Each structure stands twice: as C-alpha cells, then as structure tokens.
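Okay, structure first, notes after.
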Amino acid sequence: MATSFQVLLLFVTTLLQIPTSFSSFFPGPGLTQGSSLSVDNKDDLLVSLNGLFTAGFHQFGENAYFAVWFTDQAATPEDRTVVWMANRDAPVNRKHSKLSLWEDGNLVLQDAGWYILWSTNTKSNSPSVQLHLNDTGNLVLHVGGQPLWQSFDYPTNTLLPYQPFTKNTQLVSSRSFTNYSSGFYNLFFDNDNILCVSYSGQEVTSVFWPDPKLTVWDAMRYPYRDARKASLHSNGEFNSSDGFHLFSADFGLGPQRIMRLDVDGNLRVYTLVEHENRKKMEVQWQAFSHSCKIHGICGPNSLCIYSQNSGRKCTCLHGYKMVNSVDWSYGCEPDFEPCIQDDCDFIFLRHVEFYGHDYSFLGYVTLDACKNGCLHERTCKGFQFGWREGEIGNFCYIKTSLHNGYQLGYNNSTYIKLPKRLVSSFHQRTISQSNFSWPKLVRTPLVRSNENKHDIFPLGSLLVFGCIIGFIEIICISFFWYCSRKNLSTNDQSKFFGAIAFRKFTYAELKKASSKFSEEIGRGGDSIVYKGKLSDNRIVAIKKLKNTNPQGEAEFQAEINTIGRLNHMNLIETWGYCIEGKHRLVVYEYMKNGSLAENLGVGKLDWETRFDIARGTAKGLAYLHEECLEWVLHCDVKPHNILLDANYKPKVADFGLSKLLERSRIEQMNFSMIRGTRGYMAPEWVLNFPVTSKVDVFSYGVVILEMITGRSPAAKYHTSNENGKLEFLLIDWVKDKIQEFDSRMESWVEEIVDPSVYGKYDHIVMENMVRIALQCTKDDRDKRPTMTEVVNMLLQV
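Under the working numbering, the first residue of the sequence shown carries the number 8, and numbering increases by one thereafter.
Printed below as a string of structure tokens:
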C-alpha cells in the first residue's frame with residue numbers, strides 16, 4: 008500500500024512540474040459566463056492556484072488597467088511587478104469600470120460609460136466558458152480545458168517562463184515608468200528569422216540588437232532556421248531558434264524569473280528575490296552594459312555620455328536645446344537659424360559617432376574636401392570623418408540628421424556645422440552635465456584666409472609691437488622658472504613631479520633609483536621587479552624585462568605610451584619607461600601590500616576584502632576589454648598580477664605588453680606562442696582556437712575560485728567514491744563537490760570555502776560567487792560572459 012502511495016505521489020509531482028500553459032487541471036475560482044470583476048471592489052481578483060500570480064484591476068493615478076502581477080508584491084500598486092496588461096493603450100476609469108464574461112463567450116472590458124475599450128472577440132455556444140489564471144501566469148479563457156483565448160499569445164513588455172515567443176508575438180516597452188502605453192522599443196523576429204530589438208521613434212526606425220555593425224554570422228545568429236521560436240526557462244536559460252542563448256547570473260532552479268523589454272530599450276532578465284522582508288526584482292542579465300548604444304535613448308541632436316559609476320547622461324549638442332524639459336525621447340532642437348556656406352563653421356567632437364541616417368558617402372577624401380561637401384549641402388548638419396583599418400584613405404559620411412550620438416567611435420570623429428558665432432563660443436560651454444571626467448571636446452574651426460583688408464595699424468608697427476611683447480614674455484617666463492627652481496624644496500618636489508605625465512627615463516636614473524637593482528620585490532617568467540625611489544621621492548616598482556631580443560624602439564614606445572594613457576582606479580598606474588641599448592624597463596606605482604597571491608598564501612584576507620578585490624579586478628579588466636580606445640588583452644590574469652594598495656584595493660598589473668590591439672583589428676589577432684600561467688590558462692591556448700577576451704574571463708574565474716577555496720588551481724585534489732580515488736584540478740574539484748552534495752540535498756558551500764574565512768560570509772553571496780566563477784570557466788568560450796557582464800553580476804550579488 009505504501010509503495011502504491013509513493014508511486015501516486017511521484018506521478019502527481021511530475022504532472023505539476025510539466026511546463027505547459029495549463030499547469031493545473033483543477034483550477035481555482037474563475038470568472039463564469041454572465042459574471043464580472045469590478046474596479047470598485049478591491050477584492051474582485053483572480054488568483055492562481057499556487058498563489059504566485061494575481062489578476063485584477065491595477066489602479067495607477069486616475070486610471071486603471073486590467074493586469075496580471077506577482078501576488079507577493081501586491082502591498083501597494085507601486086510595488087507590483089506587472090507581467091501583462093489587457094488595455095495598456097486605453098486605460099479605464101477608476102470608478103464603475105468592469106471586466107465581464109458575456110454569455111456568448113466574449114470577454115469584454117468596459118469603461119464607466121459602458122464604452123467597450125477591449126475584448127477578446129471570442130464566441131462560443133457552450134454554457135461552460137470560464138476564465139482562469141493558471142500557475143504559469145497565463146490568463147486563459149477556455150471551454151472544458153480547450154483554450155478560446157490566452158494572454159500568453161498577446162504579451163505586452165514581459166515574457167514569463169514557458170511562455171512561447173513566436174513570429175506572431177512581440178514585446179513592446181512601456182512609454183515611461185509612469186505611462187504603461189506602448190513605447191518606442193520592440194523585440195520581434197524579423198523576416199530573416201533573427202530575434203531583434205528595434206527603435207521606432209517619431210521620425211526614424213532602426214534595429215540596434217544584434218549589433219548592426221556585425222553580420223548575422225559574426226553576431227552568432229543563423230538566419231536559415233525557419234522556426235522563429237524562443238522561450239525563457241524557469242532556471243534562467245533563454246533559447247532562440249536563431250542560435251541566440253543566454254544564462255542568467257543566478258542560473259539554476261528555484262526563483263521566479265521574467266524577461267522584460269524595459270523603458271530604456273534594454274532587454275533584461277530579472278529574478279524575484281526577497282530583500283529586507285519584501286520581494287523585489289533584481290537584474291540577472293541584460294543585453295547592453297553600455298546603455299548609450301541603445302538607439303533613440305537621448306533623442307535627436309543630443310549626445311549620450313556613459314560611465315560605469317554614474318550611468319547614462321544625456322546632453323544637447325552645442326547650439327541646441329531640449330524639446331521637452333522632462334522627456335529626452337524628444338531630443339533637442341536647434342536654437343539658431345540655419346547658416347549658409349561662408350557664415351558656417353565646425354566644432355570637433357573627438358571619438359563621437361552618430362550611427363546611421365547618412366545622406367551620402369565620400370571615400371578617399373581629405374578633411375577639407377569633406378568640410379566643403381557639407382558646406383555646399385544646405386541640409387547638412389555635420390559629418391563623420393575617419394578611417395578603416397586595412398583601407399587606403401579616409402571616409403566621410405554627410406549627415407542631414409543627427410541620431411544615436413555617443414562617444415565610442417574609435418577610428419572616427421564628428422564635425423557639427425553651426426553658425427560661426429556659436430563655434431567661437433563653444434570652448435566656453437561645458438559639454439557634459441554629468442559628474443565624471445569627460446574628455447575635452449576641441450573646437451576645430453574651418454580655416455579661412457583673412458579677408459579684412461583694412462588694418463588698424465600698419466604691418467611694420469604690428470611686427471615691432473609683437474617683438475616687444477614676445478621679448479617681455481621670455482623675460483617673465485625665465486624669471487618665473489628661476490624662482491621656481493630656487494624655492495622648490497624637497498617636499499614640494501614630490502607634489503610637483505606628482506603632476507608630471509608619463510615620461511621616458513634613462514637607464515642611469517633607474518639604476519640609481521633602485522640602488523643598482525638591489526631590492527627585489529617580485530619575479531615573473533620574463534621580468535624581475537625592483538623597489539626604487541625616484542629623485543622626487545616617489546616610491547616606485549621598476550620592472551626589468553629579461554628578454555633582450557632586438558625590438559624596434561618605435562614599436563615598444565608606441566605600446567608603452569598607450570599603456571601610459573590608460574587610466575582606471577583598478578589598473579596599476581604606469582609612470583614611465585626606459586629604452587636604452589638592450590635595456591627595457593617599465594616604471595609603475597608601488598603597491599604597499601604586495602600581490603593577492605602573497606596575501607592568500609598567509610590567509611590574511613577576510614571574505615569582505617576578497618569580495619571587494621574580486622569586484623575591483625573585474626572592473627579593471629572590463630575597462631581594458633571594452634572601454635579604452637585600444638583593445639588590451641591581459642593574457643596572464645592570476646593573483647600574482649593583482650596588486651593591493653595600502654587599503655587592500657586591487658589594481659591589475661602586468662597588462663598590455665602581452666597583447667595590445669586597435670579595436671578595428673580584433674579579428675586579425677595572431678599569437679605566435681602560448682601565453683599565461685599553468686592552471687589559469689583557457690582551453691583555447693592548448694587547442695589552438697582563436698583567442699579573444701574570453702581567455703581573460705576564464706583566468707578571472709579561476710582566480711575567484713582560488714580566493715574562495717584557498718587552493719592552487721594547478722595542484723591536484725582527491726575525492727573518494729566507490730571506485731577508489733580520482734584526481735581533480737580545482738575547477739573539476741569544485742564541480743565534483745557541488746554534484747556530490749546536491750545529490751544528497753546538502754549544502755556544498757562549507758565543503759569548498761577556505762578555512763580561514765569559514766563561517767564569516769553570507770551563504771547566498773558565496774554560492775552566487777561560485778556559480779559566477781564556474782560560468783566564467785566554461786570550456787566553450789561563447790558561453791562565458793564578458794567582463795562587463797561579470798561586473799553587472801557582481802553588483803547584483
């Protein structure tokens with residue numbers, strides 16, 4: 008009898024786990040023919056059998072919408088996560104409106120004046136038509152279990168687990184956070200069977216995801232699959248028939264998830280988590296980490312500025328003003344009358360791109376020719392000028408409209424045509440209203456000959472006057488220099504030289520600074536690092552390269568100068584270099600607490616410090632991969648190359664000399680030898696696969712596992728089973744422990760954590776960190792996240 012009961016229980020449990028639109032064969036109370044739900048009665052609700060979802064009138068301001076939301080967030084309407092709406096573009100009155108199921112099987116939403124705003128347009132002669140809310144969040148109008156209509160076929164801006172997404176459905180963003188009507192962004196399958204996100208503005212329409220600069224093949228999409236189907240799994244996995252797939256940062260069974268196309272045009276996966284005795288949605292994946300790449304985000308004639316610290320900021324171009332002071336989607340409009348030819352000039356925006364909407368293209372032209380082309384085109388508002396790697400000559404795109412402006416166009420810049428009076432005032436205006444450093448935008452006026460033929464003074468007088476002024480300036484500068492040299496004390500020198508930029512040292516200077524290279528503080532396969540003290544009293548680390556093979560000075564200097572321009576709080580600061588004969592040396596800032604490897608070896612770091620180190624390291628690598636102008640691949644991420652300052656803040660070191668490449672040449676990489684350190688190297692190195700930034704992601708994941716476990720990744724560990732002892736490297740050892748204890752329904756975290764931090768950490772945070780690390784160390788590089796995605800995951804932990 009007990010055995011029969013167990014079999015029955017297993018059968019029922021299996022049925023409940025089947026992912027179908029009808030997850031319950033015996034639904035709870037529903038709406039029957041001839042009955043209605045009223046907006047005036049707050050208890051007129053439909054609740055799913057599992058209690059997870061609620062359907063009813065969602066009141067917002069003076070209006071109301073018939074909607075489905077998560078029950079646990081229903082304390083106030085503002086707290087709700089709404090997953091579906093019947094009438095998002097036609098809200099009803101908060102009084103006397105109702106949803107009715109008519110006798111003929113039609114579900115109708117009526118406004119206070121009995122005006123029909125929405126209906127399912129269904130008909131049935133059966134007297135048993137009912138409306139139920141299923142456990143999956145699907146609102147179903149059915150007859151005897153057969154659907155007449157279901158909300159899953161008509162999504163709004165949200166996709167629920169197991170909700171089919173097909174060629175006949177689309178997600179449409181809301182207009183704003185306070186306006187639920189259809190917005191500007193759409194997720195859909197295009198005619199080539201590719202899953203896309205597009206912007207449909209008031210004047211223009213454009214697809215921006217996948218990246219329009221890539222072919223569908225480069226974007227890892229496959230257009231010859233005709234299915235046009237996609238779905239979100241309850242474990243956080245999303246799969247599309249065109250080959251696109253993703254895993255949420257908290258991948259695994261358990262929490263409730265949704266995919267939503269947000270107001271800002273970003274596609275995100277959320278998880279419903281409990282935080283301070285209330286449940287809220289937290290981002291676990293997003294299509295864009297750099298939100299300025301989303302089309303239309305700041306409207307026309309504007310510039311989008313992005314920082315990881317402060318997020319996105321919009322600003323009007325010089326000479327333009329906002330159309331709507333509270334809504335950037337309208338963009339900016341000119342605050343000047345159009346100019347013609349001789350009355351026009353240009354301002355120069357470095358590394359700024361306005362993607363798309365080109366009026367004409369001019370190839371192999373000079374800058375002057377491009378300017379003249381714009382000046383002679385009355386409708387031209389500016390042009391984009393630059394070059395492509397591998398091509399001879401420059402290119403010029405004439406633009407009669409300025410959309411999707413952001414500062415990331417690495418090999419090109421933009422010139423904006425304005426009246427001369429505005430060009431002359433450009434340097435007085437602060438372009439960015441954000442609170443982070445914005446590269447100075449340089450005004451480059453169109454150079455013209457002097458047309459003023461009526462000089463106030465004779466030319467000879469001007470020459471004499473200029474010589475006198477010049478002579479006085481030379482005397483003043485010389486006197487100031489002499490006084491500064493004389494009065495500069497030893498303490499003041501450190502302040503003075505602290506502001507000096509990246510420079511070239513002589514070998515004699517560095518030999519003296521390091522006391523003839525006497526104090527060694529680090530050693531690597533191709534270099535030795537010494538402690539030194541410069542003449543301005545700065546303490547430095549001097550890396551002396553062992554490899555003295557001939558290398559062109561120009562090439563080395565170009566690379567080292569690029570590294571000197573990199574600036575990030577989580578990258579070691581490079582102060583200079585030396586090229587002299589066979590000597591190659593690099594001068595870095597000195598890090599008081601040494602390397603992460605040294606501190607892990609003595610169990611000195613608590614978990615909070617280790618977590619901060621993990622997050623800071625990820626930010627530094629993300630900057631190298633995706634934010635600096637040259638694409639820097641580290642190739643040797645390991646604890647020895649993560650240095651700690653006096654406050655144990657991390658800085659990635661030893662970067663840039665391994666592989667430094669311009670972004671336009673990323674696909675042309677060619678490594679002549681394996682790089683990295685055993686235990687931290689990605690499989691691509693050994694298998695001779697193409698190497699991308701994902702090799703650094705793999706190494707970073709190994710470093711995280713080492714910080715968590717306190718174990719070396721290159722050593723072998725043993726585990727016992729009924730077949731005897733097996734040897735595992737660190738990654739396999741962690742996976743084995745997880746599998747072993749999951750099978751016994753026990754926690755595996757305590758089994759892998761470094762004993763020096765045992766019990767001094769948040770269990771959930773630690774578990775998520777392990778899963779992030781394992782995602783970074785997947786054998787298939789395409790399944791690894793980017794470093795920017797890793798940063799976003801860590802910010803959500």
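Where a beta carbon is used, it is the ideal one built from N, C-alpha and C, also for glycine.
Small disclaimer: the values here were computed from a predicted structure and weren't measured.
With 16 as the cutoff for other CB atoms within 10 Å, does GLU110 come out buried or exposed? For the purposes of this step, residue 110 is taken as residue 103 along the sequence shown, with counting starting at 1. Sixteen is the threshold: since fewer than 16 other Cβ atoms of the shown chains lie within 10 Å of the Cβ of GLU110, the residue is exposed.
Which residues does DSSP list as the beta-bridge partners of LYS658? Taking the first residue of the sequence shown as position 1, residue 658 is located at position 651. Answer is LEU650, bridged to LYS658.
Any contact of the region 164 to 183 with the region 259 to 270, i.e. 3+ C-beta pairs under 8 Å? Yes: at least three Cβ pairs fall under 8 Å.
Comparing alpha-carbon positions, which option in GLU360, HIS358 and LYS388 lies nearest TYR366? Translated into positions along the sequence shown, residue 366 becomes position 359. Ranked by how close their Cα comes to the Cα of TYR366, the residues GLU360, HIS358 and LYS388 have LYS388 in first place.
Considering only the alpha carbon of each residue, which of HIS103, LEU178 and TRP740 lies closest to ILE123? The residue you call residue 123 lines up with position 116 of the sequence shown. The shortest C-alpha separation from ILE123 is found at HIS103.
Go to ASN606, then tell me how far its alpha helix (DSSP H) extends in each direction, as first and last residue. The residue given as residue 606 occupies position 599 in the sequence shown. For ASN606, the uninterrupted alpha helix (DSSP H) run begins and ends at 603 to 608, by DSSP.
So, helix, strand or coil for MET576, using DSSP? Stepping through the sequence shown from its first residue, residue 576 is reached at position 569. Collapsing the DSSP output to three states places MET576 in coil.
Can you list, in chain order, the residues of its chain with a C-beta nearer than 8 Å to that of SER522? Leave out the 5 residues immediately preceding and following it. For this step, residue 522 is matched to residue 515 along the sequence shown. GLY539, listed in sequence order.
Secondary structure of TRP125, DSSP reduced to three states: Here the question's residue 125 lines up with position 118 in the sequence shown. Three-state result, TRP125: strand.
For TYR277, which residues of its own chain have a beta-carbon under 7 Å away from its beta-carbon, when the five flanking residues on both sides are left out? Residue 277 sits at position 270 when you count from the first residue of the sequence shown. Same-chain partners within the cutoff: ARG264, ILE265, ARG267, MET288, GLU289, VAL290 and GLN291.
Looking at THR421 and PHE343, is the spacing between their C-beta atoms short of 8 Å? Numbered from 1 along the sequence shown, position 336 holds the residue referred to as residue 343. Numbered from 1 along the sequence shown, position 414 holds the residue referred to as residue 421. No, these two residues do not count as a Cβ contact at 8 Å.
Run of the beta strand (DSSP E) containing PHE368, from where it starts to where it stops: Taking the first residue of the sequence shown as position 1, residue 368 is located at position 361. PHE368: member of the beta strand (DSSP E) spanning 365 to 370, first to last residue.
Does ARG235 come out as helix, strand or coil in the three-state DSSP assignment? Along the sequence shown, one-based indexing puts residue 235 at 228. It is coil, neither helix nor strand.
Buried or exposed: which applies to VAL75, given that a residue is buried once 16 or more other Cβ atoms fall within 10 Å of its Cβ? The count along the sequence shown starts at 1 and reaches residue 75 at position 68. Result: buried.
Distance between beta carbons of CYS377 and PHE392, contact taken as under 8 Å: As a working note, residue 392 is residue 385 in the sequence shown. As a working note, residue 377 is residue 370 in the sequence shown. The pair is a contact, with the Cβ atoms about 5 Å apart (cut-off 8 Å).
Going straight from the alpha carbon of MET227 to that of THR173, what length do you get? Here residue 227 refers to the residue found at position 220 of the sequence shown. Here residue 173 refers to the residue found at position 166 of the sequence shown. Between MET227 and THR173, the alpha-carbon positions lie close to 20 Å from each other.
Opposing strand residues paired with SER213 [DSSP bridges]: In the sequence shown, residue 213 corresponds to position 206, counting from 1. Per DSSP, the beta bridge partners of SER213 are TYR206.
Inspect the CB distances between the region 596 to 612 and the region 712 to 721 and report whether three or more fall short of 8 Å. Result yes; three or more Cβ-Cβ pairs closer than 8 Å.
Leaving aside the five residues before and after GLY708 along the sequence, list all residues of the same chain whose C-beta is less than 6 Å from its C-beta, in chain order. For the purposes of this step, residue 708 is taken as the residue at position 701 of the sequence shown. Its chain contains ALA780, CYS783 and THR784 as the residues whose beta carbon lies nearer than 6 Å to that of GLY708, once the 5 sequence neighbours on both sides are disregarded; these appear in chain order.
Helix, strand or coil, according to DSSP, for CYS311 in the structure here? If you number the sequence shown from 1, residue 311 lands on position 304. Three-state DSSP puts CYS311 in a strand.
Please identify the residue among GLU384, GLN414 and TYR231 whose C-alpha is closest to the C-alpha of CYS351. Translated into positions along the sequence shown, residue 351 becomes position 344. Check the Cα spacing between CYS351 and each of GLU384, GLN414 and TYR231: the tightest is with GLU384.
Between PHE64 and TYR404, what straight-line distance do the alpha-carbon atoms span, to the nearest angstrom? Taking the first residue of the sequence shown as position 1, residue 64 is located at position 57. Taking the first residue of the sequence shown as position 1, residue 404 is located at position 397. Spanning the two alpha carbons is a distance of roughly 51 Å.
Taking DSSP as the reference, what is the three-state secondary structure of TYR707? Translated into positions along the sequence shown, residue 707 becomes position 700. TYR707: helix per DSSP, three-state reduction.
Answer with buried or exposed for LYS666, where buried requires no fewer than 16 other C-beta atoms within 10 angstroms of its C-beta. Here residue 666 corresponds to residue number 659 of the sequence shown, with the count starting at 1. Low confidence applies to LYS666: its pLDDT is 47, below 50, so where it sits in the model is not reliable, and the reading given next is rough at best. Burial state of LYS666 is buried, judged by a 10 Å Cβ sphere holding 16 or more other Cβ atoms.
Counting C-beta neighbours from all protein chains within 10 Å, is the total for GLU340 16 or more, i.e. buried, or is it exposed? Along the sequence shown, read from residue 1 onward, the residue named residue 340 stands at position 333. Looking at its Cβ environment, which holds fewer than 16 other Cβ atoms inside 10 Å, GLU340 is exposed.
Bridge-paired residues (DSSP) for LEU279: On the sequence shown, residue 279 is found 272 positions in, with the first residue counted as 1. Within the DSSP secondary-structure output, LEU279 pairs in a beta bridge with MET288.
Where does GLN177 sit, in a helix, a strand or coil, going by DSSP? Within the sequence shown, numbered from 1, the residue matching residue 177 stands at position 170. Secondary structure at GLN177: coil, using DSSP grouped into helix, strand and coil.
Among the candidates GLY588, VAL659 and ILE549, whose CA atom is the shortest distance from the CA of ASN574? Here residue 574 refers to the residue found at position 567 of the sequence shown. Measuring C-alpha to C-alpha distances from ASN574 to each of GLY588, VAL659 and ILE549 identifies VAL659 as the nearest.
Distance CB(TYR413)-CB(LYS320) smaller than 8 Å: One-based indexing of the sequence shown puts residue 413 at position 406. One-based indexing of the sequence shown puts residue 320 at position 313. Not closer than 8 Å, so no.
According to DSSP, simplified to helix, strand and coil, what is ASP50? The sequence position of residue 50 within the sequence shown is 43, counting from 1. Coil, per DSSP.
Through-space distance from THR163 to TYR327, alpha-carbon basis: As a working note, residue 327 is residue 320 in the sequence shown. As a working note, residue 163 is residue 156 in the sequence shown. Distance between the alpha carbons of TYR327 and THR163: 35 Å.
In DSSP terms, what ILE354 is bridged to: Looking up residue 354 in the sequence shown gives position 347. Answer is ILE423, bridged to ILE354.
By a C-beta neighbour count over all protein chains shown, 10 Å radius and 16 as the cutoff for buried, is ASP118 buried or exposed? Numbered from 1 along the sequence shown, position 111 holds the residue referred to as residue 118. Classification for ASP118: buried.
Assign TYR231 to buried or exposed, taking buried as 16 or more other Cβ atoms, counted over all protein chains shown, within 10 Å of its Cβ. The residue labelled residue 231 in the question sits at position 224 within the sequence shown. TYR231 counts as exposed, since fewer than 16 other C-beta atoms from the protein chains shown sit within 10 angstroms of its C-beta.
To the nearest angstrom, how far is the alpha carbon of LEU310 from that of LEU374? Counting from 1 along the sequence shown, the entry for residue 310 is found at position 303. Counting from 1 along the sequence shown, the entry for residue 374 is found at position 367. One C-alpha to the other measures close to 23 Å.
Tell me the residue span of the alpha helix (DSSP H) that contains LEU757. Your numbering for residue 757 matches position 750 in the sequence shown. This sequence places Glu at residue 757; Leu is not what is there. Start and end: 756 to 759.
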